[in-house]
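Notes follow the structure.
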Amino acid sequence: MTDFDYYAFARRHIGTNGFEQQQMLTTVGYDSLDDLVDAAVPAAIHVREAPESAIPAPATEREALAELRALADQNRVRTSMIGLGYYGTLTPAVITRNVLENPSWYTAYTPYQPEISQGRLEALINFQTMVTDLTGLDTANASMLDEGTAVVEGMLLARRASKSTSNRFIADADALPQTLALLASRAEAVGIELVVRDLAGADDLTELGAHFGVFVQYPGASGRVWNPSSVIAASKEQGALAVVAADLLALALITSPGELGADVAVGTSQRFGVPMGFGGPHAGYMAVRKGLERQLPGRLVGVSQDAAGHPAYRLSLQAREQHIRREKATSNICTAQVLLAVMASMYAVYHGPAGIRAIASATAAKARMLADALREYDLHLEHDAYFDTLSVHVPGLASTVVERARDLGVLLWEHDEATVRISVDEATTVDDIHAVVRAFGGPETASYSWFQVTNGLPDELRRTSTYLTHPVFAAHHSETAMMRYLKSLADRDYALDRGMIPLGSCTMKLNAATEMESVTWPEFASLHPFAPEADVRGSLALIEQLETWLAEVTGYDTVSLQPNAGSQGELAGLLAIRGYHHANGDTERTVCLIPSSAHGTNAASAVLAGMSVVVVACDELGNVDLDDLRAKVETHAATLAALMITYPSTHGVYEHDVKDITQAVHDAGGQVYVDGANLNALLGFARFGDFGGDVSHLNLHKTFCIPHGGGGPGVGPVAAKAHLAPYLPGHPLAQRTDHAGGFVHGGGPVSAAPYGSPSILPISWAYVRMMGAEGLREATGAAVLAANYIAVRLREHYPVLYTGENGLVAHECILDVRPLTAATGVTVDDVAKRLIDYGFHAPTMSFPVAGTLMVEPTESEDLAEIERFIEAMIAIKAEADAVGRGQWPADDNPLRNAPHTAESVIAGEWDHAYTREQAVYPVRSLVRGKYWVPVRRIDQAYGDRNLMCACPPIEAFA
Numbered sequence: 001m002t003d004f005d006y007y008a009f010a011r012r013h014i015g016t017n018g019f020e021q022q023q024m025l026t027t028v029g030y031d032s033l034d035d036l037v038d039a040a041v042p043a044a045i046h047v048r049e050a051p052e053s054a055i056p057a058p059a060t061e062r063e064a065l066a067e068l069r070a071l072a073d074q075n076r077v078r079t080s081m082i083g084l085g086y087y088g089t090l091t092p093a094v095i096t097r098n099v100l101e102n103p104s105w106y107t108a109y110t111p112y113q114p115e116i117s118q119g120r121l122e123a124l125i126n127f128q129t130m131v132t133d134l135t136g137l138d139t140a141n142a143s144m145l146d147e148g149t150a151v152v153e154g155m156l157l158a159r160r161a162s163k164s165t166s167n168r169f170i171a172d173a174d175a176l177p178q179t180l181a182l183l184a185s186r187a188e189a190v191g192i193e194l195v196v197r198d199l200a201g202a203d204d205l206t207e208l209g210a211h212f213g214v215f216v217q218y219p220g221a222s223g224r225v226w227n228p229s230s231v232i233a234a235s236k237e238q239g240a241l242a243v244v245a246a247d248l249l250a251l252a253l254i255t256s257p258g259e260l261g262a263d264v265a266v267g268t269s270q271r272f273g274v275p276m277g278f279g280g281p282h283a284g285y286m287a288v289r290k291g292l293e294r295q296l297p298g299r300l301v302g303v304s305q306d307a308a309g310h311p312a313y314r315l316s317l318q319a320r321e322q323h324i325r326r327e328k329a330t331s332n333i334c335t336a337q338v339l340l341a342v343m344a345s346m347y348a349v350y351h352g353p354a355g356i357r358a359i360a361s362a363t364a365a366k367a368r369m370l371a372d373a374l375r376e377y378d379l380h381l382e383h384d385a386y387f388d389t390l391s392v393h394v395p396g397l398a399s400t401v402v403e404r405a406r407d408l409g410v411l412l413w414e415h416d417e418a419t420v421r422i423s424v425d426e427a428t429t430v431d432d433i434h435a436v437v438r439a440f441g442g443p444e445t446a447s448y449s450w451f452q453v454t455n456g457l458p459d460e461l462r463r464t465s466t467y468l469t470h471p472v473f474a475a476h477h478s479e480t481a482m483m484r485y486l487k488s489l490a491d492r493d494y495a496l497d498r499g500m501i502p503l504g505s506c507t508m509k510l511n512a513a514t515e516m517e518s519v520t521w522p523e524f525a526s527l528h529p530f531a532p533e534a535d536v537r538g539s540l541a542l543i544e545q546l547e548t549w550l551a552e553v554t555g556y557d558t559v560s561l562q563p564n565a566g567s568q569g570e571l572a573g574l575l576a577i578r579g580y581h582h583a584n585g586d587t588e589r590t591v592c593l594i595p596s597s598a599h600g601t602n603a604a605s606a607v608l609a610g611m612s613v614v615v616v617a618c619d620e621l622g623n624v625d626l627d628d629l630r631a632k633v634e635t636h637a638a639t640l641a642a643l644m645i646t647y648p649s650t651h652g653v654y655e656h657d658v659k660d661i662t663q664a665v666h667d668a669g670g671q672v673y674v675d676g677a678n679l680n681a682l683l684g685f686a687r688f689g690d691f692g693g694d695v696s697h698l699n700l701h702k703t704f705c706i707p708h709g710g711g712g713p714g715v716g717p718v719a720a721k722a723h724l725a726p727y728l729p730g731h732p733l734a735q736r737t738d739h740a741g742g743f744v745h746g747g748g749p750v751s752a753a754p755y756g757s758p759s760i761l762p763i764s765w766a767y768v769r770m771m772g773a774e775g776l777r778e779a780t781g782a783a784v785l786a787a788n789y790i791a792v793r794l795r796e797h798y799p800v801l802y803t804g805e806n807g808l809v810a811h812e813c814i815l816d817v818r819p820l821t822a823a824t825g826v827t828v829d830d831v832a833k834r835l836i837d838y839g840f841h842a843p844t845m846s847f848p849v850a851g852t853l854m855v856e857p858t859e860s861e862d863l864a865e866i867e868r869f870i871e872a873m874i875a876i877k878a879e880a881d882a883v884g885r886g887q888w889p890a891d892d893n894p895l896r897n898a899p900h901t902a903e904s905v906i907a908g909e910w911d912h913a914y915t916r917e918q919a920v921y922p923v924r925s926l927v928r929g930k931y932w933v934p935v936r937r938i939d940q941a942y943g944d945r946n947l948m949c950a951c952p953p954i955e956a957f958a
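All residue numbers for the sequence shown refer to the UniProt record's numbering, where the first residue is 1 and numbers rise by one.
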């Protein structure tokens, strides 16, 4: 091994070394990784010789960080006073260190296994409580993707919950511009008539006619604070629902949306300790009044009880989720922004109600101080009532003022040629305020007094109701207490820092520390998404490079990084197909073919793109039934818009007929959407664009190493051929309209910020830069080898449900537990919960086939951890067989009673048919490294029957 090889990042990222891989290959029956992948991937799509690559040779970790530093240095961090939904905030260091930079939080998965997610779930129920308290509504979900998309979801909720038969939605003209753009784009796709009006003072909405919903920004984008209660009441009299986008910090001082009569409140928690990050990721929020909780999109954390009757957290009302409802779904949201919601909730926990109110009061006082200073120079303010934003009237001088401020290190917003908007925030200083005054022509020196400064809020809207009254918001205000609280929560969870998370379809691979390092650099973290192009050249260069690299490895011509989740990438791709057909005059093309094996987001996204879903059958091997596909194509030839197909398939196999499938669709005039969820099994060996794909989304939180964060953040870029480029997501406030390859994206936006969640894009940039083209290929080979090794080792214990030609799987395998259940009564749930006792997160349960486990080890796990998992699965099979033989009763055995807490084996008499040691130390390796689950098996049905989605009384956990 050369010195260079020793420092190569790929050998750090890939868990198995050459000697271990040779052992595994011998077991699987192949001589080399190339031989294995050659046998698995169909020859018709295999890239035999790597083309000349735009991806440079792999950099070492030190070199990659130096290049990132050079890119960061091209950015200019000025004090942003732009506002428009993005504000400076002071992240407590205890939260940065113990949450954002802590792998116990950022490497966890979505809490579908609640017994090993209790810490994260508690943090999320804190978030929900924070939101419900501040908004004055009854139920909040566990976060949304951003404010703009949350408003869209509010509009869709209003349409399905309203008793009005109207198709009209009324939006306040004083809403954030990016939100209005999103509403226009999404409303058009589903046939909603969007009406934009200045609603301030409009007590009578009858002149607008019937409508199903009304939307108000509170405070407005212009800074205006007004009482919308009469507008809300007038709208509700017509049977409409009222949606209010509210600033959470402002709600510490002004009347809550619930008290004003709102049905739905939406917004962002960004200014609760989450850096602007050039636009994201941030946790949006949604709260609803009583009676609408089952209409909420996304995830909802609730309280249930475990097998011992102790309170326990879990995801509630999961039947609402789109992956279950498919084409009947009302939303395609299948993720959240958990890591950012945790940060925001901990910001509220750390500061408490008095601290939040003090921050809000100081912010409002700064705005009043600035307003008073500007008025001294006879400047006219557009509104007398405001919280943190001022609109200043300067006819013909707006650009001059904004440029002066920029020269003084402050960014203001030029609303039009006569209006400058200024937003203060928690981080605004007196020097910043003085720089603004100077930009408007004030003196070079001046003094400002902080004493006896009031605010610009109207008396009628001053908040009198309480909030954040639960003891959790009063108990952790010292750093010692906060650090210990965060540690206690992390200890209740299972993340990649404990062991393998072998979740099929989810690709829980290593998120290397070097990839993560630049996320908190201020040159990336402190940028406003609408900052001038000259100030963000480094970030734009990074984005262009990443777009170029992703286009190359997928075989497409252009990429948009705007979608901030895989579901949003799906939607963006389908909207591009829709735009393409409409531009060609083919407005009747509305049918989307989707295989029965597909993830539910596919069908949900198609519906939200204005398409109707036709399901295509799969054969007994898990492949798309080619005869059924051709029949469906022929039936719908005149109306066929698209086919959505996942490759490799959701069943974990490479379909050999994929080129025939794509050709059949193209011959009928349709477009082919290849879902890129399983790209980790293909990267470097085949490309979607080469075998018939017109457009795909990718999951950067899977294949390209952005952490899952306990259920978010994610990035779902959309890649497409040149003919679809004009219809990919654009954005009215983007610094540039062109993208890698020189393509202009002219479609409507799908996210609030032009580049979605760009502060985490350096993670994927670093991964590709350090792996290089060959390293990415090696990672794919290692992932496919690991999955096939597990399949071979376990197939005599659990049938492998689907395999491709040569009996091989892709990067995941489906273990069929149904024969075991039939023979012993042991269910897939029992196996999953028993794995916790062995120190593992369970594989994906009952997807895509009920009663199965989908296992994906990824390339990042070493052979010892893979063997530990195999040992656990074999031991569990033996335990199940013991139940089947009658050695243990069917209702009292270590599987049915799993998982076992420390209390369950220590307290009281032990009256089970198996020993304490069998319960908690089924293999000896656990004795010195046991993960102790905090709760026993949770009763899911009890939680749905007794819905509680806010912090329960402390005594409940006594």
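No residue lacks a Cβ here, since even glycine has one placed at the ideal position from N, Cα and C.
Looking at Pro-749 and Pro-729, is the spacing between their C-beta atoms short of 8 Å? yes
Item to check | DSSP three-state assignment for His-13, whether helix, strand or coil | outcome: helix
Which of the three DSSP states is assigned to Pro-257 in this structure? helix
**Prompt:** When the Cα atoms are used, what is the spatial distance from Pro-532 to Gln-735?
**Reply:** 7 Å
Taking its Cβ as the centre, do 16 or more other Cβ atoms sit within 10 Å of Phe-19, making it buried, or is it exposed? exposed
- Taking C-alpha atoms, which residue in Ala-720, Thr-16, Ser-759 and Val-831 lies nearest to Asn-564? Ser-759
*Leaving out five residues on either side along the sequence, give the residues of the same chain with a beta carbon under 7 Å from the beta carbon of Met-1.*
Confidence is the limiting factor: at Met-1 the pLDDT is only 38, short of 50, which leaves the residue's position unreliable, though a coordinate-based value still follows. So the list is empty, once near-sequence residues are dropped.
Q | C-alpha gap between Asp-837 and Ala-898, whole angstroms | A | 7 Å
With a CB to CB cut of under 7 Å and the five nearest residues on each side skipped, what residues in its chain are close to Phe-685? Val-37, Val-41, His-46, Val-47, Arg-777 and Thr-780
message: Less than 6 Å between C-beta atoms, sequence neighbours within five positions excluded: which residues of the same chain meet that for Gly-746?
response: Pro-726 and Gly-730
Hey, Asp-491 and Gly-772: beta-carbon distance below 8 Å or not?
-> no
C-beta contact flag for Ile-870 and Leu-785 at 8 Å: no
| message | Quick check: Gly-352 and Leu-468, are their CB atoms within less than 8 Å of each other? | response | yes
Exercise. Quick one: Cα of Asp-31 to Cα of His-811, how far?
Worked result: Within the model, the alpha-carbon separation for Asp-31 versus His-811 is close to 18 Å.
- Item | Close beta carbons around His-477, own chain, < 8 Å, minus the five adjacent residues each side | Excluding five sequence positions before and after His-477, the CB atoms of its chain that fall closer than 8 Å to its own CB belong to Tyr-350, His-351, Gly-352 and Gly-355, given in chain order.
Asn-584 by DSSP, collapsed to three states: which one?
coil
ask   = Can you tell which of Pro-395, Thr-514, Tyr-112 and Val-665 has its C-alpha closest to the C-alpha of Ala-66?
value = Thr-514
Pairwise C-alpha distance: Leu-381 and Leu-412: 15 Å
6 Å Cβ shell around Leu-700 - same chain, five flanking residues per side excluded | The residues are Ile-706, Val-715 and Ser-764.
Mind pulling the beta strand (DSSP E) runs of 3 or more residues that sit fully within the stretch 259-301? 264-268 and 284-288
Alpha-carbon to alpha-carbon, Leu-527 and Asp-3:
Because Asp-3 carries a pLDDT of 48, less than 50, the predicted location of this residue cannot be relied on, and no value is offered for it.
>> Residues in the same chain with beta-carbon distance under 7 Å from Thr-703, minus the five sequence neighbours each way, listed in chain order, please.
In response: Shown here for Thr-703: same chain residues with a beta carbon closer than 7 Å to its own, the five before and five after excluded, namely Thr-507, Leu-679, Asn-680 and Leu-683 in chain order.
Item to check | beta strand (DSSP E) segments (min. 3 residues) lying fully within the stretch 403-446 | outcome: Within the stretch 403-446, the complete beta strand (DSSP E) runs of at least 3 residues fall at 413-416 and 419-423.
*asked:* I'd like to know whether the C-beta atoms of Gly-610 and Ala-189 end up nearer to each other than 8 Å.
replied: yes
Hey, quick one: how far does the alpha helix (DSSP H) through Met-644 stretch, first residue to last?
First-last for Met-644: 640-646, but that is the beta strand (DSSP E), not the alpha helix (DSSP H).
_Helix, strand or coil at Thr-206 according to DSSP, with G and I counted as helix_ = helix
Roughly how many angstroms separate the alpha carbons of Thr-737 and Ala-439, rounded to a whole number? 29 Å
#### Entry: Inter-residue Cα distance where the pair is Tyr-802 and Ala-642
So the two alpha carbons sit approximately 26 Å from each other.
In the DSSP assignment, what residue or residues form a beta bridge with Gly-747?
Pro-729
Which of helix, strand or coil does DSSP assign to Val-349?
helix
Report buried or exposed for Ile-906, applying the criterion of at least 16 other Cβ atoms within 10 angstroms of its Cβ. exposed
Beta-carbon separation of Leu-593 and Val-614 under 8 Å? yes
query: Do Ile-125 and Val-243 have their C-beta atoms closer together than 8 Å?
result: no
| field | C-beta neighbour in chain D for Leu-199, strict 8 Å | value | The displayed structure is made up of one protein chain only, and chain D is not part of it.
Self-check item: Straight-line Cα distance separating His-651 from Asp-627
Solution: 19 Å
**Item:** Span separating the alpha-carbon of Gly-566 from that of Met-144
**Value:** 14 Å
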